[in-house]
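Number of protein chains: 2
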Amino acid sequence: MRRIFVLALIVLTIVPLIHSQDAPKTIAERLGYPRDAKLLIVHADDLGMAHSINAATMKAFETGLVNSGSIMVPCPWLSEIATYARANPQADLGLHLTLTSEWTSLRWRPVTPSDRVKSLLDKDGYFHLTETEAASSADPKEVELEITAQIERARALGIQPTHLDSHMGTLYQNKALFEVFLRVARNQKLPVRVARTWFGRTDFLPVTLAPDDVYIDRTLDINPSVAPNDWGKFYSDALAKLEPGVTEVVIHLAYDDAEMRAATIDHPNWGAAWRQRDFEFFTSDAFRKVLQENQIKLITWREVGKLVK
Amino acid sequence: MRRIFVLALIVLTIVPLIHSQDAPKTIAERLGYPRDAKLLIVHADDLGMAHSINAATMKAFETGLVNSGSIMVPCPWLSEIATYARANPQADLGLHLTLTSEWTSLRWRPVTPSDRVKSLLDKDGYFHLTETEAASSADPKEVELEITAQIERARALGIQPTHLDSHMGTLYQNKALFEVFLRVARNQKLPVRVARTWFGRTDFLPVTLAPDDVYIDRTLDINPSVAPNDWGKFYSDALAKLEPGVTEVVIHLAYDDAEMRAATIDHPNWGAAWRQRDFEFFTSDAFRKVLQENQIKLITWREVGKLVK
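Protein sequences appear in the order of chains A and B.
Residues 15 to 323 (the working numbering) are what the first sequence spells out, left to right.
Residues 15 to 323 (the working numbering) are what the second sequence spells out, left to right.
Written out as structure tokens, the structure is:
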């Protein structure tokens with residue numbers, strides 16, 4: 015009888031340990047959800063860049079269907095979105111750390127004194143136009159100065175960022191930049207946009223992350239191969255097939271208006287009409303229905319950030 | 015007979031000299047126009063600040079009724095108006111030297127590395143909100159650095175400025191700033207917005223100007239006491255009474271659209287509707303008729319600038 019008791023004790027103690035070694039807790043489980051829960055962050059990029067983007071995103075936040083976004087500190091309309099952030103401290107707003115100025119009629123510059131971050135500048139004194147130019151020219155020390163300054167500037171304006179990501183993915187372009195990004199994020203105790211499904215894309219991503227770093231399962235975004243008429247179908251189909259775990263759908267909201275058309279002139283990809291289509295789908299009853307029908311639960315970076323030690 | 019001839023010669027030689035000493039040539043005469051000519055520069059301020067301003071002003075230029083403008087180099091839409099300047103080298107475009115960032119949702123910063131022009135910055139790292147704060151804080155040496163940098167930046171982008179003026183009049187706020195402004199303008203061999211009728215406003219203006227400096231006779235601008243319905247009447251009446259000489263009518267064009275309303279939020283003065291009213295009057299047949307009926311001839315700063323030695 016006593017042996018059986020001891021055996022039972024051993025089994026009860028060891029089996030869960032073995033089980034947890036076989037299948038470590040998923041991020042969903044660490045967040046307190048079942049392993050098969052489908053969790054979605056609906057995230058609007060590029061806040062602060064233009065009024066049209068701010069206005070459409072603030073409108074979309076009202077529906078509750080878009081529940082997260084990130085802000086570009088060097089951009090001209092920062093002050094408008096900072097006012098919103100101060101008035102809506104519950105809003106899930108992060109920083110869209112910015113090292114590129116990709117449009118041709120509307121441009122922006124670093125917040126650091128420009129002579130201290132020369133490697134980040136193009137010949138006109140703005141950030142480089144593309145993420146590849148930006149990444150190949152950037153001195154990682156200057157990147158660290160600049161992204162730290164962006165975070166400090168945001169905090170000084172009363173923005174309490176819940177997460178960090180990288181405009182046009184510049185900070186994921188090479189190991190040195192990604193290391194800077196992670197170091198700054200760890201210092202700030204903020205989660206970064208990194209997904210497990212990206213690990214195959216580059217050698218450095220999985221090896222640079224430490225066991226304590228928090229990352230989500232996957233991101234989902236539309237691309238220029240999708241025809242405008244298939245916009246809603248692309249998202250609905252992707253969400254109907256959504257796998258369990260934490261997914262961030264990365265979207266770009268704005269109105270197809272004069273400001274946005276001029277800002278994105280000659281660039282239909284991620285242009286004004288593109289952003290209007292994103293706005294329409296993600297504020298629609300169709301999107302709400304897809305969420306309901308597929309038992310998709312919306313979560314935010316604020317929740318994910320609680321796992322950051 | 016011979017005496018009469020000599021006397022006549024003396025009279026014919028001396029009298030015009032006496033006359034020209036009594037009445038030195040007016041700027042109209044120096045420009046080759048009769049003394050009683052009514053000459054008008056129709057000048058749109060604030061180019062580069064917002065797409066709405068650029069778009070409305072470029073549209074107004076097409077009518078020929080608005081024939082001059084000035085550009086704010088630190089502002090986000092500089093690149094769009096620089097593209098226009100390069101494509102329209104005949105356009106009469108000057109620089110609206112900028113030391114204030116007066117709106118609350120849309121803001122801008124110096125082009126000089128910020129740690130070298132700290133006296134120009136507010137607590138958020140932008141230019142000060144008002145011209146009085148800007149002028150009282152500004153170190154004239156830093157002002158010289160910044161306005162020179164603005165001119166160099168404009169030239170580097172292919173803008174060939176025909177004149178200089180000062181956004182919100184900051185550079186006319188005190189003698190030290192006005193001296194910097196004049197020194198930079200003289201070095202650049204560019205005319206500045208100064209009018210003879212301003213001489214009574216401050217002690218320093220007439221004494222700072224040198225005999226070689228070129229200035230116009232007067233400026234004309236509308237003010238917040240004019241009711242929106244009286245907009246056209248105000249300008250038409252003022253132009254019907256226009257005195258001879260060179261007048262600059264200083265106007266602010268934009269569309270009353272979402273971008274401009276957000277940019278000027280809570281500030282009806284010089285706001286979106288104000289600028290739409292200016293656009294409507296200065297592109298109207300009514301304005302064209304007033305010019306014709308009052309024999310008012312349009313000239314540009316490019317012409318005035320030819321007098322600068």
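Glycine included, C-beta positions come from ideal geometry on N, C-alpha and C.
Being a predicted model, the structure only gives us computed values, none of them experimental.
In the DSSP assignment, Arg44 (chain B) falls outside any beta strand (DSSP E) and lies within the alpha helix (DSSP H) extending over Ile41 to Arg44.
Take the alpha-carbon of Gly259 (chain A) and the one of Gly319 (chain A): they are about 16 Å apart. In this structure, B:Pro154 is the residue among B:Arg100, B:Trp117, B:Pro154 and B:Thr118 with its C-alpha nearest to the C-alpha of Leu134 (chain B). Following the DSSP letters along the chain, one finds Leu159 (chain A) inside the alpha helix (DSSP H) bounded by residues Pro154 to Ala170.
According to the DSSP assignment, Ala287 (chain A) belongs to no beta strand (DSSP E) but to the alpha helix (DSSP H) extending over Ala286 to Phe296. CA-CA distance, Val194 (chain B) to Thr162 (chain B), rounds to 10 Å.
For Arg275 (chain A), the closest of A:Leu120, A:Thr97 and A:Ile265 by C-alpha to C-alpha distance is A:Leu120. Counting every other CB atom within 10 Å of its CB across the protein chains shown gives Gly78 (chain A) a total below 16, marking it as exposed. Contact check between the region 103-115 of chain B and the region 178-188 of chain B: three or more CB pairs, one atom from each, fall below 8 Å, which counts as touching. Between Trp117 (chain B) and the set A:Gly214, A:Lys189 and A:Trp91, the nearest pair of CA atoms involves A:Trp91. When rounded, the separation of the alpha-carbon atoms in Asp271 (chain B) and Lys247 (chain A) is 32 Å.
Contacts with chain B at 8 Å (Cβ-Cβ) do not include Gly285 (chain A). Only those residues of the region 256-274 of chain B whose C-beta falls short of 8 Å from the nearest C-beta of chain A are listed: Tyr269, Asp271, Ala272 and Glu273. In the displayed model, Glu116 (chain B) falls within coil according to three-state DSSP, outside both helix and strand. Look at Ser180 (chain B) here: in three-state DSSP terms it is strand.
The DSSP-derived three-state label of Glu257 (chain A) is coil.
A distance below 8 Å separates the beta carbons of Ser84 (chain B) and Leu61 (chain B). Interface annotation, Ala69 (chain A): in contact with chain B, CB-CB separation under 8 Å. Between Thr184 (chain B) and Thr278 (chain B), the CB-CB gap reaches or exceeds 8 Å. Ser133 (chain A) is outside the set of residues whose beta carbon lies under 8 Å from a beta carbon in chain B.
Look at the region 221-260 of chain A and you find these whole runs of alpha helix (DSSP H), each 4 residues long or longer: 245-254. With respect to the C-alpha of Tyr98 (chain A), the residue from A:Cys89, A:Thr71 and A:Trp122 having the closest C-alpha is A:Thr71. Contact annotation for Thr118 (chain A) against chain B: Ser93, Glu94 and Thr97 [CB-CB distance below 9 Å, chain order]. Only residues of its own chain outside the window of five on either side were considered, and among them Asp226 have a CB closer than 7 Å to the CB of Lys323 (chain A), listed in chain order.
Across the structure, Gln290 (chain A) and Arg302 (chain A) are spaced so that their CA atoms are roughly 18 Å apart.
Across the set B:Gln164, B:Pro282 and B:Trp288, the C-alpha of B:Gln164 shows the shortest separation from the C-alpha of Met86 (chain B). As the crow flies, the alpha-carbon of Asp217 (chain A) is around 10 Å from that of Asn188 (chain A). At a Cβ-Cβ threshold of 8 Å, Ile236 (chain B) and Tyr249 (chain B) count as neighbours.
Using a CB distance below 9 Å, the part of the region 171-182 of chain A facing chain B consists of Leu171, ordered along the chain. If you draw a straight line from the Cα of Trp288 (chain B) to the Cα of His266 (chain B), it is about 8 Å long. Per DSSP, His266 (chain A) lies in no alpha helix (DSSP H) and is assigned neither H nor E. Bridge pairing for Phe141 (chain A): A:Leu135 [DSSP].
Any Cβ of chain B closer than 8 Å to the Cβ of Val125 (chain A) would place that residue at the interface, and such an atom is present. In this chain, the beta strand (DSSP E) harbouring Gly83 (chain A) covers Ser82 to Ile85. Using beta-carbon distances, Arg100 (chain A) does not count as an interface residue toward chain B, since no partner is under 8 Å. Of all residues in the region 44-73 of chain A, the ones placed with a Cβ closer than 9 Å to any Cβ belonging to chain B are Ala64, His65, Ser66, Asn68 and Ala69, in chain order.
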